[in-house]
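Protein chains in written order, with our numbering: chain A, 28 to 358; chain B, 381 to 509.
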């Protein structure tokens, strides 16, 4: 420390006598030694003050007071700066943890779109943040039945993701491709009601497709109503259902409904992120999506989904406000 | 010559009083300007904690001697809510506990005794080098 003080005094004295660039440069290089010796900001000022007192004999009292003041201020400044830095470090740790979690979630919730004969299926699911609160679960027994669950956890981010893992586990455990949709929702409701926080709800549209008879059977727990397009009548039907979200009450009964799909009919399953247009008033988002889907129904199901997603992104000025999931099945 | 001073912390003015007395003691013991500032800042932070989180409390400033070393000890005693997890408070920095981790950086040793619902006693020491 004493050596540092002596060296600093020489560097400062040189500069006071000759204010050239080379002396300034030497001064800046001195910082390295200060850092090595772990010298705090307030000590640097103290070193400077002492050196100045020795170089200039009749340093005014007021200047000395001013340096003492600066030392005092710097003690606090140094502390606050350290706290700020440790907060930044914590933030970085959290960011890394979050990325790992998102990767695990992606692996966990990975789903393969089935590719049966005579039925075309497409899907786009994009999370708003790193973790997705929407989930699509397909199951195909490679025989007669195919099932599709479209799920939305009310809430976003990590809590939603944790809840979703449980929903997936539930689906994996109890579900077979030929299960009745109403039964699946009733069982899942029991599971979620028992094991999830009271503030957490899940909406789900569970459907089963019979590849032999082309009967689409669906049940909905408070989910965004699917759209069914009847190509012979050239009209859309909203597959409305007023039943309760999952996880609110135990022992809820759900109803199920059948639709027979004919050639060129299609069904759009989605989460409320697709129809969420808070910013635009006097605008019917479901009508807009109906028209959008009609305009691109010559495309295959996957292309339709992507097309609708892109158009909605533009409409939202690339600032979607919710997790976005759309599934189209097309006969 | 007093070896021990106690300041009751009730209002914000008492924080300044505690700082003033602490600086005076630090000067008498022979701490340099930088360490005087550190000791005073530590007292200020401890007193501020009492003022913000506890209804009553006090700061005790003592001169201490061990072998041939001289130093100062500051004890903060309050009957506030107490600290549930001392390690967490020290790790989390300023987010809870109002800068206890900062105080730890300013002094040589720190001991915290705390019981939830009863209060906290914090004793720190700084030695003259």
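Glycine included, every Cβ here is placed at the ideal spot set by N, Cα and C.
Using the Cα positions of residue i and residue j, report the straight-line distance between them to the nearest angstrom.
i                      : j                      : result
residue 304 of chain A : residue 324 of chain A : 23 Å
residue 71 of chain A  : residue 447 of chain B : 31 Å
residue 47 of chain A  : residue 63 of chain A  : 26 Å
residue 114 of chain A : residue 165 of chain A : 42 Å
residue 343 of chain A : residue 461 of chain B : 49 Å
residue 225 of chain A : residue 274 of chain A : 8 Å
residue 399 of chain B : residue 85 of chain A  : 31 Å
residue 352 of chain A : residue 112 of chain A : 39 Å
residue 466 of chain B : residue 442 of chain B : 24 Å
residue 58 of chain A  : residue 38 of chain A  : 12 Å
residue 489 of chain B : residue 153 of chain A : 52 Å
residue 55 of chain A  : residue 61 of chain A  : 10 Å
residue 407 of chain B : residue 74 of chain A  : 19 Å
residue 381 of chain B : residue 83 of chain A  : At residue 381 of chain B the pLDDT is 46, less than 50, meaning the model places this residue with poor confidence and gives no usable figure here.
residue 147 of chain A : residue 162 of chain A : 20 Å
residue 253 of chain A : residue 120 of chain A : 41 Å
residue 319 of chain A : residue 188 of chain A : 30 Å
residue 286 of chain A : residue 244 of chain A : 6 Å
residue 167 of chain A : residue 139 of chain A : 10 Å
residue 434 of chain B : residue 388 of chain B : 12 Å
residue 198 of chain A : residue 459 of chain B : 53 Å
residue 476 of chain B : residue 329 of chain A : Confidence in residue 476 of chain B is poor, its pLDDT being 48 and thus under 50, which makes the residue's placement unreliable; the coordinate value appears in the next sentence. Whole-angstrom Cα-Cα distance: 51 Å.
residue 42 of chain A  : residue 81 of chain A  : 15 Å
residue 33 of chain A  : residue 93 of chain A  : 22 Å
residue 345 of chain A : residue 101 of chain A : 45 Å
residue 169 of chain A : residue 205 of chain A : 11 Å
residue 331 of chain A : residue 230 of chain A : 24 Å
residue 416 of chain B : residue 506 of chain B : 10 Å
residue 155 of chain A : residue 182 of chain A : 12 Å
residue 276 of chain A : residue 313 of chain A : 29 Å
residue 315 of chain A : residue 118 of chain A : 41 Å
Taking the CB atoms as reference points, tell me whether residue i and residue j lie closer together than 8 Å.
i                      : j                      : result
residue 290 of chain A : residue 282 of chain A : no
residue 404 of chain B : residue 98 of chain A  : no
residue 125 of chain A : residue 160 of chain A : no
residue 356 of chain A : residue 233 of chain A : no
residue 317 of chain A : residue 263 of chain A : yes
residue 454 of chain B : residue 463 of chain B : no
residue 450 of chain B : residue 486 of chain B : no
residue 296 of chain A : residue 241 of chain A : no
residue 437 of chain B : residue 456 of chain B : yes
residue 349 of chain A : residue 299 of chain A : yes
residue 444 of chain B : residue 386 of chain B : no
residue 496 of chain B : residue 422 of chain B : no
residue 171 of chain A : residue 251 of chain A : no
residue 150 of chain A : residue 184 of chain A : no
residue 110 of chain A : residue 482 of chain B : yes
residue 452 of chain B : residue 430 of chain B : no
residue 175 of chain A : residue 354 of chain A : yes
residue 177 of chain A : residue 227 of chain A : no
residue 201 of chain A : residue 211 of chain A : yes
Identify the residues that DSSP records as bridge partners of residue i: which are they?
i                      : result
residue 147 of chain A : A:357
residue 265 of chain A : A:254
residue 164 of chain A : A:176
residue 490 of chain B : B:504
residue 248 of chain A : A:231
residue 192 of chain A : Bridge partners of residue 192 of chain A: none, in fact.
residue 273 of chain A : A:229
residue 236 of chain A : A:173, A:243
residue 297 of chain A : A:353
residue 450 of chain B : B:445
residue 409 of chain B : Partner(s): none; residue 409 of chain B has no beta bridge.
residue 105 of chain A : DSSP, once it has assigned bridges, lists no residue as partnering residue 105 of chain A.
residue 457 of chain B : B:438, B:501
residue 285 of chain A : A:244
Measure from the C-beta of residue i to each C-beta in chain D and report whether the shortest distance is under 8 Å.
i                      : result
residue 198 of chain A : Protein chains in the displayed structure are A and B, and chain D is not among them.
- Should the segment 321–338 of chain A be called in touch with the segment 215–231 of chain A, which here means at least 3 C-beta pairs below 8 Å? Result no; under three Cβ-Cβ pairs closer than 8 Å.
- Positions along the segment 477–493 of chain B whose CB lies within less than 8 Å of some CB in chain A: Result list: 479, 481, 482, 485, 486.
- Message: Under 8 Å, with one C-beta from each stretch per pair, do the segment 123–141 of chain A and the segment 99–108 of chain A reach the 3-pair mark?
- Response: They do not touch, by the three-pair rule.
- Can you give me, in chain order, the residues of the segment 390–417 of chain B that have a beta carbon less than 8 Å from any beta carbon in chain A? Listed in chain order, the positions of the segment 390–417 of chain B with a beta carbon within less than 8 Å of a beta carbon of chain A are 412, 413, 414, 417.
- Listed from N- to C-terminal order along the chain, which residues in the segment 63–79 of chain A have their beta-carbon within a distance smaller than 7 Å of any beta-carbon of chain B? Result list: 69, 70, 73.
- Residues from the segment 85–97 of chain A in contact with chain B, defined by Cβ distance under 7 Å: If the cut-off is 7 Å between Cβ atoms, the segment 85–97 of chain A has 95 near chain B.
- Query: If you measure beta-carbon to beta-carbon, which residues of the segment 211–223 of chain A are closer than 9 Å to chain B?
  - Reply: Using a CB distance below 9 Å, no part of the segment 211–223 of chain A faces chain B.
- Item | Selection of the segment 420–441 of chain B by Cβ proximity to chain A, strictly under 8 Å | Residues 420, 421.
- Taking Cβ-Cβ distances below 7 Å as the criterion, which residues of the segment 35–55 of chain A are in contact with chain B? Within the segment 35–55 of chain A, no residue has a Cβ that lies closer than 7 Å to any Cβ of chain B.
- Listed from N- to C-terminal order along the chain, which residues in the segment 278–297 of chain A have their beta-carbon within a distance smaller than 8 Å of any beta-carbon of chain B? Residues passing the 8 Å Cβ filter: none.
- Message: Residues of the segment 108–138 of chain A in Cβ contact with chain B at a cutoff of 8 Å, in chain order, please.
- Response: Look at the segment 108–138 of chain A: the residues with a C-beta under 8 Å from a C-beta of chain B are 109, 110, 113, 114.
- Query: Using Cβ-Cβ distances below 9 Å, what residues of the segment 152–184 of chain A are close to chain B?
  - Reply: None of the residues of the segment 152–184 of chain A has a beta carbon lying less than 9 Å from any beta carbon of chain B.
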